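Colleague: Here the protein sequences line up with chains Z and E, keeping their order. Going letter by letter, the first sequence gives residues 604 to 734 in the numbering used here. Going letter by letter, the second sequence gives residues 171 to 717 in the numbering used here. Even glycine gets a Cβ: it sits at the ideal position worked out from N, Cα and C. Given the structure is predicted, the values throughout are model-derived calculations rather than measurements. Sending over a structure as structure tokens; questions will come in a sec.
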Amino acid sequence: MRLTFGILNALSALVLLVGLFGVVEPRFWALDVPLLTIALLELVSAVGLLAKLPWAMRALAVSAWISFGLGLLVVSLIVLTMVFLRGIHGDFGVAALAVSSLIVALLVPYTVVLPAIELLWLKRQSVEPQP
Amino acid sequence: MTVRVLSKLLAVWAATLTVCAVVIFSAVRIDRARVPAGPYVVSVWQRGERVARTVVSSDPEHALDGDAKRRGAQRIVEQIVDSAPIFGHSWLVLGHSLVPAQDGLSATYLGRTVYATPDDLRKLEAYEFIFGLGPVSLILGIDVNKVLAALSRELGTEPGELLRHGSFRRFAVTSDAAYPRKFSEADVTADAVKASVQEAARYLSRNQRKDGSFRYELNAVTGGESEEYNYPRHAGATYFLARAGNQLHDEQLARAGQRAAAFMKDRVTLRCGAHTCIGEGDQVDIGSAALAVLAYVELASGGYEEFRAPALELAEFVRSLQRPDGDFKHFYSVSEKHAIDIQVEYYTGEAAFALARVHRLSGDARDLEAARRALSFLVKRSPWFLGSHYFWGAEHWTCQALADLWQRAPDRVALQFCLDWQAVNPNLQFDSPPAPSVYDGGISRGPFMAPRLTPTGSRLEAAVATLEVARAAGVSAAEIALLEHQIKRAFAFLLRYQFSPGPTHSMPKPKLLEGGFPGSALDLHVRIDYPQHAGGALLRYWELGQK
């Protein structure tokens, strides 16, 4: 699992960095700072896990908790923005709702699901007897 | 973290998010359908400027009586239907809290409240804040700086102070102004269509200078005029005027078309190697030449024989730029005397249509063959690209070329292409409800923006051309009925917003603008290609009804 999480964290970091700096324009700190923080933490933990460094598990725990928290925050902000715009503009059509939902659906696996699974795995590691 | 803890955490998050969402939604939404019960904002306008305003709770028809009786004054009553607060004191939130062309904004500061109604915001041109990012421009809500400046001026304070310490509400109104007009699909009759075409063409002839050029772009709310000019658009406007003159047997319009064409022939015709071309400077484009060919052919067939030879010469230039695959090299270096193999939107379709039209004049088989090959190139779709069914360019010239060639070189693939494109367009067409009734039939450019008239007009040129061919080709009655329904709804949208006579109270020079089609409900500029495309589509539909 260390290897799997290492690769997944590296991939997630890459997707977030490319998405953030390659696709999203213009720069907006409220989105940039949390996503960049998550990406860098995941990158550090990926290096630790793949290189089997002694601090890897601790780094994974820190990255997973912060990713999980910020991930929930980012998803919340997007959902509340959608609700706000829906309140202002009324029924603006299925297409706009579908696009907004797609954005959330694309973010959730990297920013919420993966760190949640890592946290569950870390807990199991801490209670299972080591061979 | 255990599964149990995770589940609890997610449940708490979801519950908190739901509560926040419900609170935000309830606070910001307004009900536009309710019976108006709010105060009346009464304004008196004179020569396009607001000269008096009062807010009353009843009897608005007698408010500001003295001002309303002044010469040329118009009283406009807007009643507030519903309103909602705008959160915080943030530039960003304020910028995104108004629906363009629908909402007004009130500001309260030190116990005084002032109103910027939809009329005021349109007059300020503050409904769209355009943020430039290299070649891309984004529309990021309303122009907060303009709105705050106007409101703070009325309140006797500074914009920054007002944003920090004022409180804001957005509101919806009903207005007794006669713009946009009430116009439904049922009102799209042959007479209404003909009258609209005449008005659009007269707009262009009224705004023509002595040398045959046009006032390129007029701003209805300031009366100002743009300094820019564009030859493809000049040629397109000329083509529309010449067609309107011919089809409506209107000598005045035909003469205006002749003057505009003479401007191209005598002032901006250059030598491009062995051929003639249209433009200025070191480089010219194929679009100007192609649209000039269209105009010349129309004038020559209307009896202006002096345009026959220039049409044939320009057609040779257009043909000389064709590539082996049917496409064209779109530019030509005048100084270096060679074609430039670069392509941009529209020009291939314009060239295809121009060659199809000029063949009627020249009888030259090379023109017909070149037009046929160009059309075939335009409608080629790779079967491996699934997205070709969903992503479309601007194909209005393509489908007009299809219609013009149908009797002489019918292309079934091109017909299917145009039918498929028309089948996609209803997905972009506003439906009311849920859209505001004034937008019904317009082509959407995004959920948060007012629809523009010219994309609707140009799509209609193609839609009517497709309808014509679909009838001739025996396409099913159900498909034709659906297409015509879509067309009539879109025409109703255009006619609602044509300046007939428009929001004259906020226009300093309403007579100059009469008959023009603006950019959108909130962009009251008229550029020469706006009446060209909208009027061109309407004229094509009127012609089809006469056949």
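According to DSSP, is E:R441 helix, strand or coil?
Modeller: E:R441: strand per DSSP, three-state reduction.
Colleague: Which stretch, first to last residue, makes up the alpha helix (DSSP H) that contains E:D537?
Modeller: From DSSP, the alpha helix (DSSP H) with E:D537 extends over A535 to L548.
Colleague: How would you label E:M677, buried or exposed, when you count the other beta carbons within 10 angstroms and need 16 or more for buried?
Modeller: Label assigned to E:M677: buried.
Colleague: For a quick check, are the C-beta atoms of Z:L717 and Z:S648 less than 8 Å apart?
Modeller: Contact flag unset, no.
Colleague: With a cut-off of 8 Å, does the C-beta of Z:L634 fall near any C-beta of chain E?
Modeller: Not closer than 8 Å to any Cβ of chain E, the Cβ of Z:L634 fails to qualify, so no.
Colleague: Check each residue of the stretch 180-200 of chain E: if its Cβ is closer than 7 Å to any Cβ of chain Z, include it; give the result in chain order.
Modeller: Of all residues in the stretch 180-200 of chain E, W183, L187, C190, A191, I194, F195, V198 and R199 have a Cβ within less than 7 Å of some Cβ in chain Z.
Colleague: Considering only DSSP beta bridges, list what E:H508 is partnered with.
Modeller: According to DSSP, which records beta bridges pairwise, E:H508 is partnered with E:S503.
Colleague: Whole angstroms are fine: how far does the CA of E:G557 sit from the CA of E:A526?
Modeller: In a straight line, the C-alpha of E:A526 is about 29 Å away from that of E:G557.
Colleague: Label Z:A766 either buried or exposed according to how many other C-beta atoms from any shown protein chain fall within 10 Å of its C-beta, with 16 as the threshold for buried.
Modeller: Not covered by the structure: residue 766 of chain Z. The range shown for chain Z is 604 to 734.
Colleague: How should E:A426 be labelled, buried or exposed, when 16 other C-beta atoms within 10 angstroms of its C-beta is the threshold for buried?
Modeller: E:A426 comes out buried.
Colleague: Would you say E:F618 lies against chain Z (beta-carbon separation less than 8 Å)?
Modeller: Yes, E:F618 counts as interfacial toward chain Z.
Colleague: For the beta strand (DSSP E) containing Z:I681, name the first residue and the last one.
Modeller: Unbroken run through Z:I681 is the alpha helix (DSSP H), A659 to H692; no beta strand (DSSP E).
Colleague: Given Z:V678, which residues of its chain have a CB within under 8 Å of its CB, disregarding the five upstream and five downstream residues?
Modeller: Same-chain partners within the cutoff: V707, L710, V711, T714 and V715.
Colleague: Using beta-carbon positions only, say whether E:V367 and E:G705 come within less than 8 Å of one another.
Modeller: Their beta carbons are under 8 Å apart, which means E:V367 touches E:G705 by this criterion.
Colleague: If distances are taken between C-alpha atoms only, which option among E:G415, E:R413, E:N416 and E:E387 comes closest to E:R403?
Modeller: Out of E:G415, E:R413, E:N416 and E:E387, E:E387 has the C-alpha closest to the C-alpha of E:R403.
Colleague: What's the gap between the Cα of Z:L725 and the Cα of Z:L639?
Modeller: Those two C-alpha atoms are separated by around 24 Å.
Colleague: So is E:P604 in contact with chain Z if we call contact Cβ pairs under 8 Å?
Modeller: Cβ-Cβ to chain Z under 8 Å: yes for E:P604.
Colleague: Candidates E:Y609, E:S628, E:R629 and E:A632: which alpha carbon is nearest E:P621's?
Modeller: Closest by alpha carbon: E:Y609.
Colleague: In three-state DSSP terms, what is E:S116?
Modeller: Nothing in the structure corresponds to residue 116 of chain E, since chain E is present only between 171 and 717.
Colleague: So, are the CB atoms of E:H500 and E:I448 less than 8 Å apart?
Modeller: No, Cβ-Cβ distance for E:H500 and E:I448 is not below 8 Å.
Colleague: If you compare alpha carbons, which of Z:L653, Z:A633 and Z:F671 is closest to Z:L680?
Modeller: Ranking the options by Cα distance to Z:L680, first place goes to Z:A633.
Colleague: Measuring CA to CA, which of E:V247, E:G443, E:L264 and E:A479 is closest to Z:F687?
Modeller: Here the closest residue by C-alpha is E:L264.
Colleague: Expressed to the nearest angstrom, what Euclidean distance is found between the alpha-carbon atoms of E:S670 and E:Q378?
Modeller: Going from the Cα of E:S670 to the Cα of E:Q378 covers about 19 Å.
Colleague: Is it a yes or a no for the stretch 612-632 of chain E touching the stretch 690-703 of chain E, going by three-plus beta-carbon pairs under 8 Å?
Modeller: Because the criterion of three Cβ pairs below 8 Å is met, the stretch 612-632 of chain E and the stretch 690-703 of chain E touch.
Colleague: Using DSSP with H/G/I as helix, E/B as strand and the rest coil, what is E:P255?
Modeller: Strand at E:P255.
Colleague: In whole angstroms, what separates the C-alpha of E:A191 from that of E:A185?
Modeller: In a straight line, the C-alpha of E:A191 is about 10 Å away from that of E:A185.
Colleague: Count the other CB atoms within 10 Å of the CB of E:N597; is the residue buried (16 or more) or exposed (fewer)?
Modeller: Per the 10 Å Cβ criterion, exposed.
Colleague: Give the straight-line distance between the Cα atoms of E:E539 and E:E649, rounded to the nearest whole angstrom.
Modeller: Roughly 30 Å between the two C-alpha positions.
Colleague: E:L176 versus chain Z: which residues are under 8 Å apart at the beta carbon?
Modeller: Simply A719, L722 and L723.
Colleague: Please report the residue range of the beta strand (DSSP E) in which E:T151 lies.
Modeller: No information on residue 151 of chain E is available, as it lies outside the stretch 171 to 717 that chain E covers here.
Colleague: Roughly how many angstroms separate the alpha carbons of E:E475 and E:V528, rounded to a whole number?
Modeller: One C-alpha to the other measures close to 14 Å.
Colleague: Residues of the stretch 672-697 of chain Z in Cβ contact with chain E at a cutoff of 8 Å, in chain order, please.
Modeller: Cβ contacts with chain E come from L675, S679, V682, L683, V686, F687, L688, R689, G690, I691, H692, G693, D694, F695 and G696.
Colleague: Can you check whether the CB of E:E520 is closer than 8 Å to the CB of E:W567?
Modeller: Cβ distance < 8 Å, so E:W567 and E:E520 count as in contact.
Colleague: Taking Z:R689 as the reference, which of E:L623, E:K679, E:K658 and E:F618 has the closest Cα?
Modeller: Looking at the Cα atoms, E:F618 is the closest of the given residues.
Colleague: Hey, quick one: how far does the alpha helix (DSSP H) through E:V139 stretch, first residue to last?
Modeller: What is shown of chain E runs 171 to 717, which leaves residue 139 of chain E out entirely.
Colleague: With 8 Å as the threshold, decide whether the Cβ of E:V173 is near any Cβ in chain Z.
Modeller: Closer than 8 Å to some Cβ of chain Z, the Cβ of E:V173 qualifies, so yes.
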